[in-house]
Amino acid sequence: MKRRSPSTNDEGLNSAPLTISPVRPSSQTEDYEKKKAELMSVQQFAVEVTLDPDTAHPSLILSGDGKQVYHGDVRKILPDTPERFYKCINVLGEPGFSSGKSYFEVQVKHKTEWTVGVARESIERKGKITLGPGYGIWTICLDDEEYEAVDSPLVRLSLDHPLQKVGVFVDYEEGLVSFYNVDSADHLYSFTGCSFTEKLYPFFCPSTNDDGLNSAPLTISPVRPSGQKDAEKKAEFRLKTRPPGPWELSKSRLTGRETSSYVPKRGSGRFG
């Protein structure tokens, strides 16, 4: 068998590299596809969530579009309304959930502490808050470099890499609150057998900024189905690795769709 070389870069026309890709075992691929399918099945229930400024603790800074929150250095003077958290630095999102299935995603990257989940409408607003299902709050958190589900007892979550984005799914009638690692499609934890008797609201605690170490915001992200993200990554890879130079459009006789194809430099061979 004659060996082939990668050939010269042909004045930049053949500058794309040959890349040895990691091989994912078929069992690992099947497992990922199952996880991705589960995540996509809950992402279809995505709702548009925004932060409710009337509930925000006076030290929290909310973005103008109601999508980001972080802890500020100054406690603002705000009306002490019944809805507002006064002692604990929390904020609720809206709308609330009183039936059906709902899903939203929160970006948590670059943060050293945070808590995300859902809470019932009647939770304590003025005094100290105790997290946990028994107190009407279903959350996961990053605390002291440990990821935890705030259940009774506390459950440590094992992750291979730091969480970047968390997916939160609520099935009101089923009494279910589930959390997902959006980037890996891993299921993180589920609170099951819950008995919801009042409206639930998205719950956010960015924690203190810790002298700037935890100044990154919690960000409510638009939901893009996992399959769509994979397709976008593949398209981006093709654009990055295709060689520069002349391309032409051709129309498929089978589908009628236009595709681009590379036109090699006239007179150049495919192999050196």
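Under our numbering, the letters of the sequence shown match residues 65 to 336, in that order.
We put the beta carbon where it would ideally sit given N, CA and C, even for glycine.
On a predicted model such as this, the values are computed, not experimentally measured, just so you know.
| Item | Value |
| --- | --- |
| Minimum C-alpha distance to residue 260 - residue among 230, 157, 234 | 234 |
| Buried or exposed (CB count within 10 angstroms, at least 16 for buried), residue 157 | buried |
| Beta-carbon spacing of residue 204, residue 240 below 8 Å | no |
| Proximity of residue 211 and residue 221 at Cβ, strictly below 8 Å | yes |
| Per-residue DSSP class, three states only, for residue 110 | strand |
| Exposure label - residue 167; buried when at least 16 CB within 10 Å | buried |
| C-alpha distance - residue 115 paired with residue 155, whole-angstrom precision | 7 Å |
| Beta bridge counterpart(s) of residue 161 as assigned by DSSP | 264 |
| Cβ-based neighbour list, residue 75, same chain, cut-off 6 Å, excluding 5 preceding and 5 following | none |
| Through-space distance from residue 145 to residue 279, alpha-carbon basis | 27 Å |
| Own chain residues within Cβ distance below 8 Å of residue 84, not counting five before or after | none |
| Residue range of the beta strand (DSSP E) that includes residue 246 | Unbroken run through residue 246: none, as it is neither H nor E. |
| Helix, strand or coil at residue 335 [DSSP, three-state] | Any reading at residue 335 is ruled out, since the residue's pLDDT is 37, under 50, leaving its predicted position unreliable. |
| Validate contact between the stretch 281 to 289 and the stretch 192 to 208 using beta carbons, cut 8 Å, 3 pairs | no |
| Selected residue, minimal CA-CA separation from residue 288, among 109, 183, 96, 126 | 109 |
| N-terminal and C-terminal residue of the beta strand (DSSP E) that residue 135 is part of | 132 to 135 |
| Sub-8 Å separation of residue 113 and residue 124 beta-carbons | no |
| Contacts around residue 130, its chain only, beta-carbon distance under 6 Å, and the 5 residues preceding and following it disregarded | 114, 115 |
| CB of residue 96 within 8 Å of CB of residue 213, strictly | no |
| Where the beta strand (DSSP E) containing residue 180 begins and where it ends | 178 to 184 |
| Buried or exposed (CB count within 10 angstroms, at least 16 for buried), residue 148 | buried |
| Beta-carbon proximity of residue 171 to residue 100, cut-off 8 Å | no |
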